[in-house]
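Here the protein sequences come in this chain order: V and H. Positions 4 to 150 (the working numbering) are the ones given, in order, by the first sequence. Positions 26 to 383 (the working numbering) are the ones given, in order, by the second sequence. Report on the following structure.
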Amino acid sequence: MDILKKLTRKSRIKSPWLLHFDCGSCNGCDIEVLACLTPVYDIERFGIINVGNPKHADLLLVTGTVNHRNKKVLVNLAEQMPEPKIVVALGSCGLSGGVFREAYNVIGGVDKIIPVDVYVPGCPPKPEAIIDGVVTGLEKFSKKKDG
Amino acid sequence: MARTIIPFGPQHQVFPEPIHLKLVLEDEIVKEVVPALGYVHRGLEMLADVRDFHQMIQICERVCGICSTIHAQCYCQGIEELMGIEIPDRARFLRVIWAEIHRVQSHLLWLGLFADAFGFESLFMQCWKIREKIMDINEATGGNRVNPSINIIGGVKRDMNPDMAQWVLTQLDLVEKEVNHLEKVLLNDYTVKKRTVGKGVLTREKAMELGAVGPTLRGSGVEQDIRQIGYAAYGELAHRPVVGIDGDAYSRNRVRFLETLQAIALVREAVSKLPAGDISVKVKGKPEGEVVTRVEQPRGELMYYIKGNGGKNLDRLRIRTPTFANIPPLLSMLPGIELADVPVIVLSIDPCISCTER
């Protein structure tokens, strides 16, 4: 059993599976997340896959500001992910609300709703910055307990 | 089988953005579709109350990251009309160049996502690989991959020197060559045809009646493009709208593919006719009165209504985006098709939810 746990822990750090949720962003960050997966940056070669099901995911990439309607969806997705999980907030909007912080339907950054482990600034962050953010997040896996 | 309701979204792998469709099914056939919007609503039109009319350019760029330049262009065009500003000829041509580069980027993005919707993963990768060259052009000329942010009221912020323009053209030559390679697969491949021909048909009459815009309208055989009214420098460039005939997903795919090549040709022509001179004029005063301006976005007609009161904040800013106009046609396409075709049909109108909900 121990070997299996060790193996899971190792592969989680080597090839985490991503869940990407657009939480009211302008698409700028989302297309950069997708650009990470495509041939020029190609993080898929490490076995990092963008999955649709939160139950399969290790990492949650959240882009954009949280609003009153999608906060429930965000919490729902984060709760469905198995422990240990890492939440990465992308872009100025995900960090603080960005240029939209004064708009009436904007609550603010992602960390007002769910705990965030890594913040990636930029409007939008470049794919290199996103990859760097994810790698920083992976280092935190070793400090988190298995669920 | 009894009626079943399948929720489609808000978090779904086909869309990078959240939209929620309630699909009412009988067996595998869609009977009714109920959309639920509002997941990306930020309320940015109201930001006109707190930001002055110059700062609103940056907000308008972030209505949608995929067509940011064109949103800002439309906004600046409206304010210039209100204040009676005549922008220099060079600025008009530069706006066309950046707008068309953006159109190539947006269409390649869409061609990739469309391929992904019917499970053609390698085609998706290929389209996005080509698109990276356009992102490099954006970064080299504008300083940012996604938001080059070149429009200001009274002209453009950055100039393009002859060396840079030449480099852009050589990059676009490479892009054109690679896009031509895609033609064989995108338009003639057996699997692609099997998934798209005859799916989601929108007749010419129906498209006109429901107010479809952009490639969705042109795919149904209506020759209508806002670039025909000749805003910016389009009046001086050779341009004829690309039209399809059948009004199905394949026809819309073909229109977008040909428009990609057309946009590259327009950039080439605009660079060759680029006049010398200033790139912007000084702006004095505040906007007063109301105006409606339109431009052609990659997804269709974009309309801004601007009302100024002579102060630094605008009274009202209203944005009508192309996807908003294309949702009624989409809802009329869906009933009667199979569940497996829903992603293909939904993507065939090129939905941009962050535009729609602002």
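The C-beta atom is built at its ideal place from N, Cα and C for all residues, glycine as well.
Legend entry - Neighbour flag for V204 of chain H against chain V, beta carbons, 9 angstroms: For the purposes of this step, residue 204 of chain H is identified with residue 179 of the second sequence, where counting begins at 1. For V204 of chain H, the answer is no, since every Cβ of chain V falls outside 9 angstroms of its Cβ.
Inset, instruction - Could you tell me the distance, in whole angstroms, from the CA atom of S245 of chain H to the CA atom of E82 of chain V? - result: Counting from 1 along the second sequence, the entry for residue 245 of chain H is found at position 220. Counting from 1 along the first sequence, the entry for residue 82 of chain V is found at position 79. If you draw a straight line from the Cα of S245 of chain H to the Cα of E82 of chain V, it comes to about 45 angstroms.
Inset, instruction - Within 10 angstroms of the Cβ of V59 of chain H, are there 16 or more other Cβ atoms? Answer buried if so, exposed if not. - result: Your numbering for residue 59 of chain H matches position 34 in the second sequence. So V59 of chain H counts as exposed.
Inset, instruction - Can you pull the chain H residues whose beta carbon is under 7 angstroms from the beta carbon of C29 of chain V, in chain order? - result: The residue given as residue 29 of chain V occupies position 26 in the first sequence. Annotation: Cβ neighbours of C29 of chain V in chain H (cutoff 7 angstroms, chain order): R87, V88, C89, G90, S379.
Inset, instruction - Under 6 angstroms Cβ to Cβ from V268 of chain H, same chain only, skipping five residues before and after it: list those, please. - result: If you number the second sequence from 1, residue 268 of chain H lands on position 243. So the qualifying residues of the chain are R243, G246, E248.
Inset, instruction - Report buried or exposed for R343 of chain H, applying the criterion of at least 16 other Cβ atoms within 10 angstroms of its Cβ. - result: The residue labelled residue 343 of chain H in the question sits at position 318 within the second sequence. The residue is exposed, with fewer than 16 neighbouring Cβ atoms inside 10 Å.
Inset, instruction - Return no unless some Cβ of chain V is closer than 9 angstroms to the Cβ of Q102 of chain H. - result: As a position in the second sequence, residue 102 of chain H is number 77, starting the count at 1. Not one chain V Cβ lies under 9 angstroms of Q102 of chain H.
Inset, instruction - Could you pull out every residue in the same chain whose Cβ sits closer than 7 angstroms to the Cβ of P124 of chain V, ignoring the five residues on either side in sequence? - result: Locating residue 124 of chain V in the first sequence gives position 121, counting from the first residue. S95, L98.
Legend entry - Meets three-Cβ-pair contact criterion under 8 angstroms: the stretch 113-128 of chain H and the stretch 366-379 of chain H: Cβ pair count under 8 angstroms is below three, so no.
Inset, instruction - Leaving aside the five residues before and after P266 of chain H along the sequence, list all residues of the same chain whose C-beta is less than 8 angstroms from its C-beta, in chain order. - result: Walking along the second sequence from the start, residue 266 of chain H turns up at place 241. Excluding positions up to five away in sequence, the list reads R243, E248, Q249, D250, R252, Q253.
Inset, instruction - Would you list, in sequence order, the uninterrupted alpha helix (DSSP H) runs of no fewer than 4 residues that lie entirely inside the stretch 262-336 of chain H? - result: Here the runs fully enclosed are 274-297.
Legend entry - In DSSP terms, what H23 of chain V is bridged to: Locating residue 23 of chain V in the first sequence gives position 20, where the first residue counts as 1. Beta-bridge partners of H23 of chain V (DSSP): V:L64.
Inset, instruction - Kindly list the residues whose CB is nearer than 6 angstroms to the CB of G50 of chain V, restricted to its own chain and excluding five residues on each side of it in sequence; keep chain order. - result: Counting from one through the first sequence, the residue named residue 50 of chain V turns up at place 47. Shown here for G50 of chain V: same chain residues with a beta carbon closer than 6 angstroms to its own, the five before and five after excluded, namely S18 in chain order.
Inset, instruction - Specify the secondary structure class of A165 of chain H as computed by DSSP and reduced to three states. - result: For the purposes of this step, residue 165 of chain H is identified with residue 140 of the second sequence, where counting begins at 1. Look at A165 of chain H here: in three-state DSSP terms it is helix.
Inset, instruction - Would you tell me roughly how many angstroms separate the C-alpha atoms of K309 of chain H and L107 of chain H, rounded to the nearest one? - result: Position 284 of the second sequence holds residue 309 of chain H. Position 82 of the second sequence holds residue 107 of chain H. One C-alpha to the other measures close to 12 angstroms.
Inset, instruction - Taking 9 angstroms as the cut-off, decide whether the C-beta atoms of L77 of chain V and V69 of chain V are in contact. - result: Looking up residue 77 of chain V in the first sequence gives position 74. Looking up residue 69 of chain V in the first sequence gives position 66. Taking 9 angstroms as the cut-off, the beta carbon of L77 of chain V is found closer than this to the beta carbon of V69 of chain V.
Inset, instruction - Compare the C-alpha of V119 of chain V against each of V:N30, V:G55, V:V65 and name the closest. - result: As a position in the first sequence, residue 119 of chain V is number 116, starting the count at 1. In this structure, V:V65 is the residue among V:N30, V:G55, V:V65 with its C-alpha nearest to the C-alpha of V119 of chain V.
Inset, instruction - Spell out a yes or no on whether the stretch 312-324 of chain H and the stretch 86-99 of chain H are touching, meaning 3 or more CB-CB pairs, one atom from each, closer than 8 angstroms. - result: Enough Cβ pairs lie closer than 8 angstroms, so yes.
Legend entry - Short-range partners of chain V found in the stretch 48-81 of chain H, where Cβ spacing is below 7 angstroms: Hits within the stretch, in order: G63, Y64, V65, H66, R67, G68, L69, M71, L72, V75.
Inset, instruction - Determine the closest residue to A116 of chain H out of H:V88, H:Q102, H:G109, with distance taken between C-alpha atoms. - result: Here residue 116 of chain H refers to the residue found at position 91 of the second sequence. The alpha carbon of A116 of chain H has as its nearest neighbour, out of H:V88, H:Q102, H:G109, the alpha carbon of H:Q102.
Inset, instruction - Please say whether V129 of chain H and T285 of chain H have beta carbons closer to each other than 9 angstroms? - result: The residue you call residue 285 of chain H lines up with position 260 of the second sequence. The residue you call residue 129 of chain H lines up with position 104 of the second sequence. Closer than 9 angstroms, so yes.
Inset, instruction - Please say whether W135 of chain H and D303 of chain H have beta carbons closer to each other than 9 angstroms? - result: By one-based count along the second sequence, residue 303 of chain H stands at place 278. By one-based count along the second sequence, residue 135 of chain H stands at place 110. For D303 of chain H and W135 of chain H, no; Cβs fall outside 9 angstroms.
Legend entry - Cβ of E142 of chain V within 9 angstroms of any chain H Cβ: Indexing the first sequence from 1 puts residue 142 of chain V at position 139. No, E142 of chain V lies away from the interface with chain H (no Cβ there is under 9 angstroms from its Cβ).
Inset, instruction - Using a Cβ-Cβ cut-off of 9 angstroms, state whether F139 of chain H counts as contacting chain V. - result: Here residue 139 of chain H is taken as the residue at index 114 of the second sequence, counted from 1. Chain V places no beta carbon closer than 9 angstroms to that of F139 of chain H, leaving this residue out of the contacts.
Legend entry - Buried versus exposed, by CB contacts within 10 Å (16 or more), S145 of chain V: For the purposes of this step, residue 145 of chain V is taken as the residue at position 142 of the first sequence. Taking a 10 Å sphere around the C-beta of S145 of chain V, we find fewer than 16 other C-beta atoms and assign the residue as exposed.
Legend entry - Rounded separation between E208 of chain H and L283 of chain H - CA only: As a working note, residue 208 of chain H is residue 183 in the second sequence. As a working note, residue 283 of chain H is residue 258 in the second sequence. Whole-angstrom Cα-Cα distance: 9 angstroms.
Inset, instruction - Could you work out which residues of chain H lie near A38 of chain V, taking near to mean beta carbons separated by less than 9 angstroms? - result: Taking the first residue of the first sequence as 1, we reach residue 38 of chain V at position 35. Those are W153, R156, E157, M160, R170, listed as they occur along chain H.
Inset, instruction - Establish whether the CB of F103 of chain V and some CB of chain H are separated by less than 9 angstroms. - result: As a working mapping, residue 103 of chain V is identified with position 100 in the first sequence. Cβ-Cβ to chain H under 9 angstroms: yes for F103 of chain V.
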